[in-house]
Amino acid sequence: MTHTVIGLFNTTDQAKTAYQQLLNNGFVGTDIDMSARTMAAANSANNNNSNANQDTGDKIGNFFSSLFDDKNEAHHYSNAVQNGKSLVTVQAKSETEADKAARLLDQYGALDIDQNEINDGQNKHNNTNATANTNTKNTNANAGDSVKVMEEKLQVGKRVEQTGGARLRSRIVQRPVEAKLRLREEHVNVERTPVDRKATDADLKNFKEGTVTMKEHAEVPVVSKEARVVEEVSLNKEVNQTDKTIRDTVRKTEVEVEKLGAQK
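Just so we're on the same page, our numbering is the position in the sequence shown counted from 1, plus 271.
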């Protein structure tokens, strides 16, 4: 439910001061309007053109007719603006906010306008008792109409994301190696020794054709390879759990119920 708070001021400077104080106290600029003052200035600038005056007066009258159900009250405020008063309007979202706006407008010079003073174009007012006029614009509801109350619920879940890891990749590399080895070789030598003696019976038995053989041997390197496992590399995981608090905001519809009095 929107509450429209209005305040009339003697001068434009007073209206500007009240406008700034509303901003300083948390009201949003889009919820504050000084358009009626602008219409009054347009009316003054065209005071030599009766048709222009008539159009501007109609705009001001329509402006107040949209705020007040009482046509007389709308007429009185329309006359006040056309007579040079400056108007500040505030669109309040709650009754509490409307009261705050009314107090600020009153504090910074809003007029307590008496209907006779408005008609006479006088500036008489009581600053001590000056208050902004508040009007609530309501939309007539039919039976069965309702306001939907909505509320957001915070839903927190989990998903798994890859944050890192390790990969094992094996490859074959070659490197030169060397080993020292001592090898033995045999060599057969033929020795001839001069002898001059009488042959013995043994010598006579061996006095025939024959063969005496002596073989040479040598050690040669024998190379072979043996594969041995010298290390094992494996992968495993270590799991840690941490508690994390999730903070966010959720929205909820709040419905204010305002009791309406009887219209006179």
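Backbone N, C-alpha and C define an ideal beta-carbon position, used for all residues, glycine too.
Since this is a predicted model, take the numbers as computed values, not measurements.
- Residue 510 holds the alpha-carbon nearest to the alpha-carbon of residue 434 among 510, 291, 355.
- Your pair residue 278 and residue 359 checks out as a contact, with CB atoms roughly 5 Å apart and the cut at 8 Å.
- Look at the beta carbons and you see the segment 445 to 459 not touching the segment 417 to 424: under three pairs across the two are nearer than 8 Å.
- Around the CB of residue 473, fewer than 16 other CB atoms lie within 10 Å, so the residue is classed as exposed.
- With fewer than three CB-CB distances shorter than 8 Å, the segment 339 to 348 does not count as touching the segment 503 to 522.
- Listed in chain order, the non-local C-beta contacts of residue 515 below 8 Å within the same chain number zero, local neighbours out to five positions each way being set aside.
- Leaving aside the five residues that flank residue 519 on each side, the residues in its chain whose CB is nearer than 7 Å to its CB run, in chain order, 425.
- Residue 375 and residue 416 have their alpha carbons spaced roughly 35 Å apart.
- Distances from the alpha-carbon of residue 362 to those of 532, 463, 484, 274 put 274 closest.
- Take the alpha-carbon of residue 456 and the one of residue 486: they are about 11 Å apart.
- Boundaries of the alpha helix (DSSP H) harbouring residue 283: 283 to 295, taken from the DSSP string.
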